[in-house]
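Presented below is the structure to which this report refers.
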Amino acid sequence: MKYFAYKDDNHITCLLCKHYCTLKEGKSAICGVNFNIDAKLVNKTYGHPSTLHIDPIEKKPLYHFLPSSSSLSIGTVGCNFSCPFCQNHSISQISVVDESVNYSPKDIVDLAFKHKTQSISYTYNEPTIWYPYAKDIGVLAKENGIKNVFVSSGYESKEVLQDMKSWVDAVNIDLKSFSHEYYKKVLKTDLDGVLASLIEFAHSDIWLEITTLIIPDINDSEDEIHKMAKFISLKLGVDIPWHLSAFHPDYKMLDTPRTSEASLQRVKEIAQSYGLKYIYLGNILNDNSTYCSQCNTKLIDRQGFKAQMLNIKNNKCIKCQSSIKGVF
Ligand code: SF4
Numbered sequence: 002m003k004y005f006a007y008k009d010d011n012h013i014t015c016l017l018c019k020h021y022c023t024l025k026e027g028k029s030a031i032c033g034v035n036f037n038i039d040a041k042l043v044n045k046t047y048g049h050p051s052t053l054h055i056d057p058i059e060k061k062p063l064y065h066f067l068p069s070s071s072s073l074s075i076g077t078v079g080c081n082f083s084c085p086f087c088q089n090h091s092i093s094q095i096s097v098v099d100e101s102v103n104y105s106p107k108d109i110v111d112l113a114f115k116h117k118t119q120s121i122s123y124t125y126n127e128p129t130i131w132y133p134y135a136k137d138i139g140v141l142a143k144e145n146g147i148k149n150v151f152v153s154s155g156y157e158s159k160e161v162l163q164d165m166k167s168w169v170d171a172v173n174i175d176l177k178s179f180s181h182e183y184y185k186k187v188l189k190t191d192l193d194g195v196l197a198s199l200i201e202f203a204h205s206d207i208w209l210e211i212t213t214l215i216i217p218d219i220n221d222s223e224d225e226i227h228k229m230a231k232f233i234s235l236k237l238g239v240d241i242p243w244h245l246s247a248f249h250p251d252y253k254m255l256d257t258p259r260t261s262e263a264s265l266q267r268v269k270e271i272a273q274s275y276g277l278k279y280i281y282l283g284n285i286l287n288d289n290s291t292y293c294s295q296c297n298t299k300l301i302d303r304q305g306f307k308a309q310m311l312n313i314k315n316n317k318c319i320k321c322q323s324s325i326k327g328v329f
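End of the sequence shown = 329 in the numbering used here, gap-free, step of one.
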């Protein structure tokens, strides 16, 4: 795909995310890492990861995608959102690139081989804004039998969404609220754009899971939770796993209290009332095993980030033969 379009003699349009920033010669825009240099889009983070870890895939979180496998996880710097609760703000809210750290796409794939990971995850900061680097790694990984995972806030441009279908295997998308005003005023993006991405992923071959950080008095009203659950159920499907994470004070929201377990359980009950089959609670101690939605047999045992496949074969419950969606 083309990562930018010419606008006029002195400007290009970045095609990486739905902001579609107009970039003046020599300048960047919202994310601070994509520049117009000599009328071309230059991504300053290319080849310079800020973070590299081997994580359990459960930590992304992905619960219905290669359970108990490990994933080489890579992030850079910058973001196209401005979330005041960001837990990775030390890398997402800066645009200073450490150019002394150099990893070519082949170096990253070699690392995945060395550590025997089944996938590479593009995560920690928004991968859409460094899509050219992620894709060069991912295409090479795919050629070598390694799967690719995007952990994103779902503001990919329509061009990137289309392009991802050729090389990305799974995504976890944040649905941060169901308030247009909150997305616009606080997060500085647009709810409709995220919902459009979710619908696109749900109807593609890319495996989709969703995460919502439940924040007291911000996005946990009965009305808002009902709207989210209804949207997932009607527009995406009742088989999509939904991860509800407990907020803890961070970044610019140090005075907001933690999310209580009772509050998460209440959200879970609302979600289940819309027929959603797989609701998981994060950042609290809780039984996060996967159960058959028909006969309640435990299919995958999960203790923290450790998972063990129990009664599942060929995407079916061994006991009652009901289907379970995912990549197992
Ligand atoms: S990635 Fe998004 S925020 Fe960054 S320059 Fe491109 S359109 Fe703007």
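C-beta: ideal position from N, C-alpha, C; glycine also.
heavy atom of the ligand SF4 below 7 Å from Leu188 C-beta: Position 187 of the sequence shown holds residue 188. No.
With a threshold of 7 Å (Cβ to nearest heavy atom), would His90 be considered close to the ligand SF4? Walking along the sequence shown from the start, residue 90 turns up at place 89. Set against 7 Å, the gap from the CB of His90 to the closest heavy atom of the ligand SF4 is not smaller.
Pull up the distance between the alpha-carbon of Ala30 and that of His249, whole angstroms please. Along the sequence shown, one-based indexing puts residue 30 at 29. Along the sequence shown, one-based indexing puts residue 249 at 248. One alpha carbon belongs to Ala30, the other to His249, and they sit about 30 Å apart.
In terms of residue numbering, what span does the alpha helix (DSSP H) encompassing Gly310 cover? Position 309 of the sequence shown, counted from the start, is the residue given in the question as residue 310. Looking at the sequence provided, one finds Met at residue 310 rather than Gly. Met310 -> not in any alpha helix (DSSP H); beta strand (DSSP E) instead, spanning Lys307 to Met310.
Does the stretch 142–158 touch the stretch 67–84, meaning 3 or more C-beta pairs lie closer than 8 Å? By the Cβ rule, the stretch 67–84 counts as touching the stretch 142–158, because three or more pairs are nearer than 8 Å.
Quickly, what does DSSP pair Leu214 with across the bridge? List them, please. In the sequence shown, residue 214 corresponds to position 213, counting from 1. According to DSSP, Leu214 bridges with Ser246.
Would a C-beta distance cut-off of 8 Å place Lys25 and Leu16 closer than the cut-off? Along the sequence shown, one-based indexing puts residue 25 at 24. Along the sequence shown, one-based indexing puts residue 16 at 15. No, these two residues do not count as a Cβ contact at 8 Å.
If you follow the beta strand (DSSP E) that Pro106 is part of, which residue opens it and which one closes it? Counting from 1 along the sequence shown, the entry for residue 106 is found at position 105. Careful: Pro106 lies outside any beta strand (DSSP E), inside the alpha helix (DSSP H) at Pro106 to Lys115.
Note the first and the last residue of the continuous beta strand (DSSP E) segment covering Arg303. Within the sequence shown, residue 303 is the residue found at index 302, counting from 1. It spans Lys299 to Gln304 - the beta strand (DSSP E) in which Arg303 sits, taken as one unbroken run.
Among Gly139, Val195, Leu237 and Lys185, the one whose alpha carbon lies nearest that of Ser204: What you label residue 204 is simply residue 203 of the sequence shown in a count that begins at 1. Before going further, note that residue 204 is His rather than Ser in the sequence given. With distances taken between Cα atoms, His204 lies closest to Leu237.
May I ask you to report which of helix, strand or coil DSSP gives Trp131? Working through the sequence shown from its first residue, we reach residue 131 at position 130. Helix, per DSSP.
Reduced DSSP secondary structure (H/G/I, E/B, other) of Tyr275: If you number the sequence shown from 1, residue 275 lands on position 274. Per DSSP, reduced to three states, the secondary structure at Tyr275 is coil, with no helix or strand assignment.
What are the uninterrupted segments assigned as alpha helix (DSSP H) that are 4 or more residues long and contained completely in the stretch 126–195, given in chain order? If we require 4 residues or more, the alpha helix (DSSP H) runs fully inside the stretch 126–195 come out as 132–144, 159–165 and 181–186.
With the cut-off set at 8 Å, would you say Ile325 and Leu311 are in Cβ contact? Here residue 325 refers to the residue found at position 324 of the sequence shown. Here residue 311 refers to the residue found at position 310 of the sequence shown. Cβ distance not < 8 Å, so Ile325 and Leu311 don't count as in contact.
Taking the alpha carbon of Gly194 as the reference point, which residue from Ser290, Asp175, Ser323 and Ile207 has its own alpha carbon closest? Taking the sequence shown and counting its residues from 1, one reaches residue 194 at position 193. Of the candidates Ser290, Asp175, Ser323 and Ile207, the residue whose Cα lies closest to the Cα of Gly194 is Asp175.
Would you identify the three-state DSSP class for Phe329, choosing helix, strand or coil? Counting from 1 along the sequence shown, the entry for residue 329 is found at position 328. It is coil, neither helix nor strand.
Can you have a look at Ile130 and say buried or exposed, based on whether 16 or more other CB atoms are within 10 angstroms of its CB? The residue labelled residue 130 in the question sits at position 129 within the sequence shown. Classified as buried, Ile130 has 16 or more neighbouring CB atoms from the shown chains inside 10 Å of its CB.
Cβ of Leu214 within 8 Å of Cβ of Phe86? Start at 1 with the first residue of the sequence shown, and residue 214 comes out as number 213. Start at 1 with the first residue of the sequence shown, and residue 86 comes out as number 85. One thing to note: Leu214 has its Cβ within 8 Å of the Cβ of Phe86.
Under 8 Å, Cβ to Cβ, is there at least one residue of chain C near Leu214? Although the question refers to chain C, the structure presented lacks it and comprises just one protein chain.
The alpha helix (DSSP H) that contains His227, what's its start and end? Taking the first residue of the sequence shown as position 1, residue 227 is located at position 226. In the DSSP assignment, His227 falls within the alpha helix (DSSP H) that extends over Glu223 to Phe232.
Exposure label - Glu11; buried when at least 16 CB within 10 Å: Locating residue 11 in the sequence shown gives position 10, counting from the first residue. The sequence given here has Asn at residue 11, not Glu. When all chains shown are included, Asn11 counts as exposed.
Do Val34 and Ala171 have their C-beta atoms closer together than 8 Å? Walking along the sequence shown from the start, residue 34 turns up at place 33. Walking along the sequence shown from the start, residue 171 turns up at place 170. For Val34 and Ala171, no; Cβs fall outside 8 Å.
Assuming Ser93 is part of the alpha helix (DSSP H), what are its boundary residues? Counting from 1 along the sequence shown, the entry for residue 93 is found at position 92. Looking at the DSSP string, the run of the alpha helix (DSSP H) that includes Ser93 is His90 to Ser93.
According to DSSP, is Ala6 part of a helix, a strand, or is it coil? In the sequence shown, the residue the question calls residue 6 occupies position 5. Ala6: strand per DSSP, three-state reduction.
Pairwise C-alpha distance: Pro217 and Ser180: By one-based count along the sequence shown, residue 180 stands at place 179. By one-based count along the sequence shown, residue 217 stands at place 216. The straight-line gap from Cα to Cα measures roughly 15 Å.
Can we say the stretch 224–233 touches the stretch 258–272, given the rule of at least three CB pairs closer than 8 Å? Touching, per the Cβ criterion.
Would you tell me roughly how many angstroms separate the C-alpha atoms of Ile336 and Ser246, rounded to the nearest one? Look at the range of the chain in this structure, 2 to 329, and you will see that residue 336 is not part of it.
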